[in-house]
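Residues 1 to 305 in the working numbering are what the sequence shown lists, from first letter to last. Just so you know, even glycine gets a beta-carbon here, dropped at the ideal spot from N, CA and C. Note that the structure is predicted; figures quoted are calculated from it, not measured. These notes are about the structure you will find just below.
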Amino acid sequence: MIPNLDSFILTFGISGPSCSGKTTLALMLNKYFRNSVILYKDNYYKTPSIKSISGTINDDKYIQIHHASGYKDYDSPNSFDSVKMEEDIKCIQKDWSKVSIFSDLSSTSSTWAIRDLSKIEEIVNNIKASDTGQYKKFSKNQKVLIVEGIFLFEDNTPHSFVSLFDIRVFLTLELQSSLNRRTSRIDIIDDLNNSLFWQDPPNYFNLVSWPNYIFYSKKILSSISKSNIVTDKAIDKNKNEFEKITASNQSSENCVEEIYNKENQNEFVFLGEKFLVFDSELLTSEEIFTKTLKSFFHLNKNKIQ
Numbered sequence: 001m002i003p004n005l006d007s008f009i010l011t012f013g014i015s016g017p018s019c020s021g022k023t024t025l026a027l028m029l030n031k032y033f034r035n036s037v038i039l040y041k042d043n044y045y046k047t048p049s050i051k052s053i054s055g056t057i058n059d060d061k062y063i064q065i066h067h068a069s070g071y072k073d074y075d076s077p078n079s080f081d082s083v084k085m086e087e088d089i090k091c092i093q094k095d096w097s098k099v100s101i102f103s104d105l106s107s108t109s110s111t112w113a114i115r116d117l118s119k120i121e122e123i124v125n126n127i128k129a130s131d132t133g134q135y136k137k138f139s140k141n142q143k144v145l146i147v148e149g150i151f152l153f154e155d156n157t158p159h160s161f162v163s164l165f166d167i168r169v170f171l172t173l174e175l176q177s178s179l180n181r182r183t184s185r186i187d188i189i190d191d192l193n194n195s196l197f198w199q200d201p202p203n204y205f206n207l208v209s210w211p212n213y214i215f216y217s218k219k220i221l222s223s224i225s226k227s228n229i230v231t232d233k234a235i236d237k238n239k240n241e242f243e244k245i246t247a248s249n250q251s252s253e254n255c256v257e258e259i260y261n262k263e264n265q266n267e268f269v270f271l272g273e274k275f276l277v278f279d280s281e282l283l284t285s286e287e288i289f290t291k292t293l294k295s296f297f298h299l300n301k302n303k304i305q
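Printed below as a string of structure tokens:
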């Protein structure tokens, strides 16, 4: 059984490349779990005179310069104060009352999802309406910390940080789709106060953002590749899947179970810890959200009582 809801704080970690749907998933989880808060990694860029919850001050740390392009490098693990972020995560996990500091603390990340908020609420409300019993009680009462951002998990992330999370999600996306989504954000900036946003310099994505993602995620992407992860849609494309399994003379019940397992093969291991991985190229935000919940409740079905 999961420890007393008054003391146990469930912690989600969501990582992935630019525009892969991290913030949307975080917002959906935030809407689903009533007693939850989102911690945005974007709020931990290295800037002067920013104090953490625990009181640590880092005055002399600034955004580094990308040597090849000369641009400020906002898409590098080194541009974030990961030490301060880890302190704040631990502080919240130790004392939930500290969460009030973050209750109204948003990020420019969440701005991109503003136009989808009504859709997000509709999706989440439909799912919550179908919840019954202990799942309904759990989603209502459980304290949940949701942490999201680029390079939340990357090749140099220490195990001590990875182990802070109960559920780790890594979203993948192809280069062109990531670029298209990032470019489309210009329309949102134009509709808002563009003085509040840092806009990409010319060719920033191709020179800085995407190369950094590949460079700092080599081991993670290799772990995903070695896991031979199969998506639902990939299974759907293989019309002979059922015939192949039934040809092995298994019972119909076992056949269905094996197909189910293949359809839900969305885990990989990094630093000895399990991660959920979803392809934002193939799956909608709603599908990723429902699969995240499904995987969580499946993994913890014996604990939620």
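Alpha carbon of residue i to alpha carbon of residue j, nearest angstrom
i	j	result
D166	D42	21 angstroms
L330	T11	The requested residue 330 is not part of the displayed model; the chain covers only 1 to 305.
Q176	T23	19 angstroms
F297	F170	18 angstroms
K46	Y71	16 angstroms
F270	S15	13 angstroms
Y74	S82	14 angstroms
K84	L164	14 angstroms
Y135	L179	38 angstroms
I288	K294	10 angstroms
P158	K274	14 angstroms
V124	N30	10 angstroms
L207	L282	26 angstroms
S225	K218	10 angstroms
S69	F102	35 angstroms
H87	N203	The sequence as given places Glu at residue 87; His does not occur at that position. When rounded, the distance between both Cα atoms is 35 angstroms.
G149	S118	22 angstroms
S79	A129	41 angstroms
S280	I220	16 angstroms
D155	H67	21 angstroms
Cut-off 7 angstroms between Cβ atoms - residues of its own chain near residue i, not counting five sequence neighbours on either side
i	result
F33	S139, Q142, V144
T292	L25, V169, L276
E122	none
V99	V37, I92
Residue span of the beta strand (DSSP E) that contains residue i, given as start and end
i	result
L171	167-172
K274	273-279
Y40	36-40
E267	267-270
Start and end residues, alpha helix (DSSP H) containing residue i
i	result
S295	285-299
F161	159-162
K119	117-130
N212	210-216
K98	Run containing K98: none; DSSP gives neither H nor E here.
Inter-residue CB distance, residue i and residue j (contact presumed, cutoff 8 angstroms)
i	j	result
F153	G21	F153 to G21, Cβ: 15 angstroms. No contact.
L39	V147	5 angstroms
T284	I127	Going by Cβ atoms, the distance from T284 to I127 rounds to 14 angstroms, so no, they are not a contact pair.
F151	Y216	6 angstroms
S223	F268	5 angstroms
N266	S76	Rounded, the Cβ-Cβ distance is 28 angstroms, inconsistent with contact.
Beta-bridge partners of residue i, as assigned by DSSP
i	result
E148	I14, Y40
Y45	F80
I65	K72
K90	DSSP, once it has assigned bridges, lists no residue as partnering K90.
K31	For K31, which the question treats as bridged, DSSP gives no partner whatsoever.
K136	According to DSSP, which records beta bridges pairwise, K136 is partnered with nothing at all.
Neighbourhood of residue i by C-beta, 8 angstroms cutoff - its chain only, sequence neighbours within 5 removed
i	result
I9	I92, Q93, W96, K143, V144, L145
I65	Y71, K72, D73
R182	S18, C19, D200, F205, S209
D131	S139
G272	H159
I214	L221
S195	In this predicted model, S195 has a pLDDT of only 48, less than 50, meaning its place in the structure is not dependable enough to derive any value.
Cβ neighbours of residue i in the same chain (closer than 6 angstroms, five flanking residues each side left out)
i	result
I89	L164
E286	I123
S227	F268
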